[in-house]
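One structure below.
Residue numbers (our numbering), protein chains in the order written: chain D, 1029 to 1086; chain F, 35 to 298; chain W, 802 to 936.
What follows is the structure in structure tokens.
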């Protein structure tokens, strides 16, 4: 993960767009919290630059 | 420089210590890889300096692996520069070659080549002839890091856009020995799509270069689209060195972080 | 045991990239680009890189074949050539020379392409000749 984040950063993709977290099926609350927080972060970072470029190209 | 190498190899052949020597042969102005089994052939030995220092280097380790599969009991000698030796150290660990069946004929790279390559160590430990050059400063990676995130993405997308999926980078790589390459997997990389998934295709290859890339630069030399692959893989090596303390090809014992599991 | 690389040229398109065929004990086992060839300067496209694959491919035809019914069957050169000549003549007489078209290839030599266009224009009598590079 450390490696992937650094590589993405070098390629111009914000490392916070990638996250990994292990959640057990018994930890429903943690799962909801994790996903909600991630979605909030992504919204702050803005739309995926790769998708934006693809739309522009099309 | 080639005189000393020639004499060294001639002696090995005469003493029957090797079946053949993987080097380069010059013929009618062309330089090509060759397995020298007859000492007389060494009159045509080239060290890979055609018009500029090191401009006709080839993946000799790769050819040696091919021969070793057919003739596992034979011992070979091979011409190595700093990078080639790094490759061999890893190939021994990956069990593609046996250390006691390979004799390294080392040559050092001159300053101009070391600087062009930004080489970490432009000479092999098993040095027979040539200079013991100094580590060259890296600027290629720094140039990218000086850009902000958006500019970086624009830069890489433009570079990867020119990719024609010739697989030259993978084919020429002296460290790529997988029988089944994930880049040719239909379910991972769409057939008939040019350029291949941008930037996923090249990032996938970059990930596979962890603990594998020896920074020889043959990939960039083989790219018909002049994509700065070497810069990308140099960054990969930098990340692994900084985060995991592992430098590819510098040790014969230490295994890379992606290769610690021993399969007997 | 003999291993060498042999300088050759890509048989595909008209660029003429220089490549090195890796030959192990008389058999072609791989391809490398020639770094000393001015045309390609050590680079190849995917077709050039895989030249060694088709040379020893089991899919290559080794004998002339003629379609009898639904299946292709091995035949002799005489039988195959006679059939081709007879049928082309029949079609030319029945439908005219312009009903026949000829497709050549960058993989053919210049000499082969010359013969093919001469055959099309002089023997068959049509201008319907084209080349895979134009498709």
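All C-beta atoms, glycine included, are put in the ideal place defined by N, C-alpha and C.
Identify the continuous alpha helix (DSSP H) that holds residue 39 of chain F and give its terminal residues.
36-48
CB contact flag (residue 191 of chain F, residue 232 of chain F, <9 Å):
yes
Please go through the same chain and pick out, in chain order, the residues whose beta-carbon is closer than 8 Å to the beta-carbon of residue 59 of chain F, but skip the five residues on each side of it.
65, 66, 67, 68, 70, 75, 78, 79, 80
Please confirm whether residue 79 of chain F has its beta-carbon closer than 9 Å to some beta-carbon of chain W.
no
What residue range is occupied by the uninterrupted beta strand (DSSP E) comprising residue 805 of chain W?
804-810
Here's the rule: buried if 16 or more other CB atoms are within 10 angstroms of the residue's CB, otherwise exposed. What is residue 151 of chain F?
buried
Alpha carbon to alpha carbon, how far is residue 850 of chain W from residue 818 of chain W? Give it in angstroms, no decimals.
11 Å
Around the Cβ of residue 48 of chain F, are there at least 16 other Cβ atoms within 10 angstroms (buried) or fewer (exposed)?
exposed
With H, G and I counted as helix, E and B as strand and the rest as coil, what does DSSP make of residue 927 of chain W?
coil
Which class does residue 68 of chain F belong to by DSSP, given the choice of helix, strand or coil?
strand
For residue 135 of chain F, the first and last residue of its enclosing alpha helix (DSSP H)
Residue 135 of chain F -> no alpha helix (DSSP H), and no H or E assigned at all.
Work out the CA separation of residue 1044 of chain D and residue 40 of chain F for me, nearest whole Å.
55 Å
Compare the beta carbon distance of residue 280 of chain F and residue 836 of chain W with 9 Å and say whether it is the shorter of the two.
no
What residues from the stretch 811-829 of chain W come within 9 Å of chain F, judged by C-beta to C-beta, listed N to C?
819, 821, 823, 825, 826
Buried or exposed (CB count within 10 angstroms, at least 16 for buried), residue 83 of chain F:
buried
Segment limits, alpha helix (DSSP H) that includes residue 277 of chain F:
263-278
Buried or exposed for residue 226 of chain F, please, with buried defined as at least 16 other CB atoms from any protein chain shown within 10 angstroms of its CB.
exposed
Just mark residue 287 of chain F as buried or exposed, buried being the case when its beta carbon has 16 or more other beta carbons within 10 Å.
exposed
Report, in whole angstroms, the separation of the C-beta atoms of residue 170 of chain F and residue 149 of chain F, which I expect to be a contact under 8 Å.
5 Å
To the nearest angstrom, how far is the alpha carbon of residue 923 of chain W from that of residue 877 of chain W?
27 Å
Can you tell me which of F:135, F:214, F:199 puts its alpha carbon nearest to the alpha carbon of residue 260 of chain F?
F:199
Once you ignore the five residues that flank residue 1048 of chain D on each side, which residues in its own chain have a CB closer than 8 Å to its CB?
1029
Neighbour flag for residue 267 of chain F against chain W, beta carbons, 9 Å:
no
Measuring only the C-alpha atoms, how far is residue 213 of chain F from residue 201 of chain F?
14 Å
Short Cβ contact (9 Å threshold) for residue 284 of chain F with residue 123 of chain F:
yes
Near-chain F residues of the stretch 899-933 of chain W - C-beta to any C-beta below 9 Å:
none
So, are the CB atoms of residue 114 of chain F and residue 138 of chain F less than 9 Å apart?
yes
Cβ contact check for the stretch 105-113 of chain F and the stretch 803-822 of chain W: 3 or more pairs under 8 Å
no
What residues from chain F crowd round residue 834 of chain W, counting only those whose CB sits closer than 7 Å?
256
Please name the residues in the stretch 839-866 of chain W whose beta-carbon is closer than 7 Å to at least one beta-carbon of chain F, in chain order.
843, 844, 845, 846, 847, 850
Quick check on residue 866 of chain W: does DSSP put it in helix, strand or coil?
strand
So that I know if they touch, is there some Cβ in chain F lying closer than 9 Å to that of residue 1037 of chain D?
yes
Contact defined as beta carbons within less than 8 Å: I believe residue 195 of chain F pairs with residue 229 of chain F. What is the distance between those atoms, to the nearest angstrom?
5 Å
What in chain F is Cβ-close to residue 947 of chain W, meaning under 7 Å?
This structure does not reach residue 947 of chain W, given that chain W is present from 802 up to 936, and the question cannot be answered.
DSSP state of residue 173 of chain F mapped onto helix, strand, coil:
coil
Would you identify the three-state DSSP class for residue 116 of chain F, choosing helix, strand or coil?
helix
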